[in-house]
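J.: Structure provided below as structure tokens; questions to follow.
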Amino acid sequence: VPVAPGDTTPLPNAPGTVSRMSDDASSSSFPMASSTKAGTTEIDMKIRGLMAKQGKETFRFLRWCKGNPLSETGKRQQMIKLMFMTLVPVLALTIITVLSMVKVQQSNAMRTKIRDMIRFSMETGTVIHFLQRERDMTALHLTSQGAETRLFLRERYPATDTALDKLSMWPEKSSDGNSLSQFGSVKDFQKFLRKHRMELNSVKTKPYD
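If you're matching positions, the sequence shown starts at 1 in the UniProt record's numbering and goes up one per residue.
Structural data, given as structure tokens:
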């Protein structure tokens, strides 16, 4: 290859060129691992410096929330924050579920109370119905004073007694708050009714009474 006068550039196949290229290659490949490690360490130090600088400028609570994730304490803080973020929805769902259960329980209790009131109203209506029939037959017997009406009247007693026995409850006091002694309980009323039946006399009792 022709070379210009004064040109000192070595040829590619010259011995000096080969040795220099090999030296450059070895010198460039040797510090690769160490330079990577040094770069990682430098980045680590920069992150630590940045976190330390931010920690000084914030309050203690914010500093705890922004804990250094590279330290052991920061790792624990990060774990606590993750657990907190996970438990908050679970706790909220638990509270909502408990409130829903309480509401359902209150609704069931109200429905049960209403059902008992309706059933007691029906039972009371049955008692009143048989009491009216017994009263009508009593008035008929007093006006006619016959043996046949007396027999019909006695046949009315068991129906009234059965209706009273089927009552599921008994009101403790009347609507105006003044309870009579004969209405204190089912047994008191049955005792009063039996006494009224025994005292029934066509001579002393008038149909209106």
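C-beta: ideal position from N, C-alpha, C; glycine also.
(1) Is Y157 helix, strand or coil when you go by DSSP?
(2) I need the DSSP call for K206, collapsed to helix, strand or coil.
(3) Mapping the DSSP letters down to three states, classify F192 as helix, strand or coil.
(4) Starting from Q106, follow the alpha helix (DSSP H) in both directions and report where the run begins and ends.
(5) Determine the DSSP secondary structure at M169, reduced to helix, strand or coil.
(6) Could you tell me the distance, in whole angstroms, from the CA atom of S28 to the CA atom of D44?
(7) How about F120 and S185: are their beta carbons less than 9 Å apart?
(8) Between which residues of its own chain and F130 is the CB-CB distance below 6 Å, once the five residues before and five after are set aside?
(9) With H, G and I counted as helix, E and B as strand and the rest as coil, what does DSSP make of E199?
(10) If you compare alpha carbons, which of T97, I118, V90, A139 is closest to R197?
(11) Out of F152, L99, T94, R115, point me to the one whose CA is closest to M137's CA.
(12) What three-state label does DSSP hand S181 in the structure shown?
(13) Roughly how many angstroms separate the alpha carbons of S100 and T41, rounded to a whole number?
(14) Quick check on E155: buried or exposed, where buried means 16 or more other Cβ atoms within 10 Å of its Cβ?
(15) Rounding to the nearest angstrom, what Cα-Cα distance links V104 and R111 in this structure?
(16) Determine the contact status of K195 and L142, defining contact as a CB-CB distance below 9 Å.
T.: For this structure:
(1) Of the three classes helix, strand and coil, the one that applies to Y157 here is helix, per DSSP.
(2) Note: K206 maps to coil in three-state DSSP.
(3) Look at F192 here: in three-state DSSP terms it is helix.
(4) Per DSSP, Q106 belongs to the alpha helix (DSSP H) from 72 to 144.
(5) Coil.
(6) Bear in mind that the predicted position of S28 carries a pLDDT of just 46, short of 50, making it unreliable; the figure below should be weighed with that in mind. Approximately 24 Å between the Cα atoms of the pair.
(7) The answer is no: Cβ separation not under 9 Å.
(8) Closer than 6 Å at Cβ, skipping near neighbours: A159, T160, A163.
(9) E199: coil per DSSP, three-state reduction.
(10) That would be A139, whose Cα lies nearest to the Cα of R197.
(11) The option with the nearest alpha carbon to M137 is F152.
(12) Here S181 sits in helix by DSSP.
(13) Inter-residue distance for S100 and T41 is about 55 Å (C-alpha atoms, whole angstroms).
(14) The residue in question, E155, is exposed, as its Cβ has fewer than 16 Cβ neighbours within 10 Å.
(15) Near 10 Å, if we compare the C-alpha coordinates of R111 and V104.
(16) Taking 9 Å as the cut-off, the beta carbon of K195 is found no closer than this to the beta carbon of L142.
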